[in-house]
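In the working numbering, the protein residues as written are 1035 to 1294.
Quick look at the structure:
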């Protein structure tokens, strides 16, 4: 079994340290994300106590699930526990390919009618909690779960419509690569992700990345203003950040710069 099945707070006892406990490394207020995603987050990482929603894509195959997994990958790889609630189609192979440590991944594919209770229990003991939002969640319940995450120092990631999040991420465009002239295999997808929020995240941001990426994918700044560049899909990428495949020759060192 890829992850542990968690049904309540009792099942978490002894498995993980409380999310609010100090991190021995000293970086207990910020969980890392992959370099491709740092440009979307105002703190360049997942701030403990925050709520970061993933807006549903315009179609089933928008790449939103891959974005969810990519958001968890670096925190999981560096020792944090993660949980995913209410996503029965989530595949362990896809999670592993994106870098998630399966031995620190708790899966609750069918939380049942006690969705809010399950999510609250996980917030008490897991560092990052992804929760597919049911069709109807009272505003009062959403506020209580966000407040619980702030108190416990967990990162709550609602997957679906969620009002009042600190930051909302959404896949706005996507193009598959690997198939040419009607032949080939789908290998990866170029997606554009937008971010909007409040406070430090008021200024909208956008990056274009590969999903899935790979360990040698590198980040380069977009071309200078007024110098349009063509993407593999034919779109202009002037003024945006791009994750490029490893076969592109890019000088080092490189600095990630937020788009104007």
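Idealized CB from N, CA, C, for every residue including glycine.
Since the structure is predicted, the reported quantities are computational estimates derived from the model, not experimental observations.
Query                                                                                                                                                                 : Result
Count the other CB atoms within 10 Å of the CB of residue 1178; is the residue buried (16 or more) or exposed (fewer)?                                                : exposed
Exposed or buried, which one is residue 977 when buried takes at least 16 other CB atoms within 10 Å?                                                                 : Residue 977 cannot be examined here, being either before or after the span of the chain that is shown, 1035 to 1294.
Leaving out the 5 sequence neighbours to the left and right, which residues in its chain are closer than 7 Å to residue 1184 when beta-carbon positions are compared? : 1083
State the Cα-Cα distance for the pair residue 1118 and residue 1227, rounded to the nearest angstrom.                                                                 : 21 Å
When DSSP labels each residue in this structure, what does residue 1103 get in the three-state scheme?                                                                : helix
Below 8 Å on the Cβ atoms is my guess for residue 1068 versus residue 1108; work out the distance and round it to an integer in Å.                                    : 5 Å
Name the residue from 1188, 1111, 1241, 1199 whose alpha carbon lies nearest to the alpha carbon of residue 1064.                                                     : 1188
According to DSSP, is residue 1149 part of a helix, a strand, or is it coil?                                                                                          : helix
Between the stretch 1193-1204 and the stretch 1156-1163, do three or more beta carbon pairs fall short of 8 Å?                                                        : no
State buried or exposed for residue 1055, treating a residue as buried only when at least 16 other CB atoms are found within 10 Å of its CB.                          : Residue confidence for residue 1055 is low, a pLDDT of 48 falling below 50, so the modelled location carries little weight and cannot support an answer.
Which class does residue 1112 belong to by DSSP, given the choice of helix, strand or coil?                                                                           : coil
Looking at C-alpha atoms only, which residue of 1244, 1164, 1139 is the closest neighbour of residue 1150?                                                            : 1164
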